[in-house]
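Residue numbers (my numbering): 43 to 170.
Worksheet for the structure shown next.
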Amino acid sequence: GGTPFYKLHGTSPYAYYGTDSRSNKLFNNAMADMSTLVMKKIIDSYKGFEGINSLVDMGGNRGASLSMIISKYPHIKGINFDLPHVVTDRSDFPGITHVGGDMFVSVPQGDAIFIKSVFHNWDDEHCL
């Protein structure tokens with residue numbers, strides 16, 4: 043059993059990125075680029091952010107998605123939440139506080155939690 047990545051490296055991808063700064067940077071760049079493409083469509087069509095005052099982007103990487111939301115809805119206080127080694131390599135955006143932690147332990151409080159590109163590599167037990 044186990045994933046090919048785990049078989050090769052003996053750990054999960056996210057734990058590995060925390061030990062290899064080059065891989066961490068490459069992964070973070072890829073996630074930010076992908077988020078930009080997806081978020082343009084979300085921002086143009088989804089109106090659910092209008093009544094939110096604080097928004098937690100769980101697994102928000104460097105904060106690119108949250109930054110795009112706040113640029114359209116500047117009244118929102120953004121909390122970018124991801125693993126500590128991810129938010130250390132963050133981008134600083136106005137209106138966003140970066141918080142490092144573990145989503146399986148606790149998640150910062152907000153009016154809503156935005157989740158994108160997070161659960162695809164976790165089993166059902168972890169996702170529920």
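Where a beta carbon is used, it is the ideal one built from N, C-alpha and C, also for glycine.
Item                                                                                                                                                        : Value
I'd like the span of the alpha helix (DSSP H) that includes ASP166, first residue to last.                                                                  : 166 to 169
Where in the stretch 58 to 104 do unbroken runs of the alpha helix (DSSP H), each at least 4 residues long, occur, reported from the N-terminal end onward? : 63 to 87
Quick check: ALA57 and ALA106, are their CB atoms within less than 8 Å of each other?                                                                       : no
For a quick check, are the C-beta atoms of ASP153 and LEU97 less than 8 Å apart?                                                                            : yes
If I measure Cβ to Cβ from GLY137 and keep anything under 6 Å in the same chain, skipping five residues before and after, which residues do I get?          : ILE112 and GLY120
Name the one or two DSSP bridge partners that VAL141 has.                                                                                                   : PHE123
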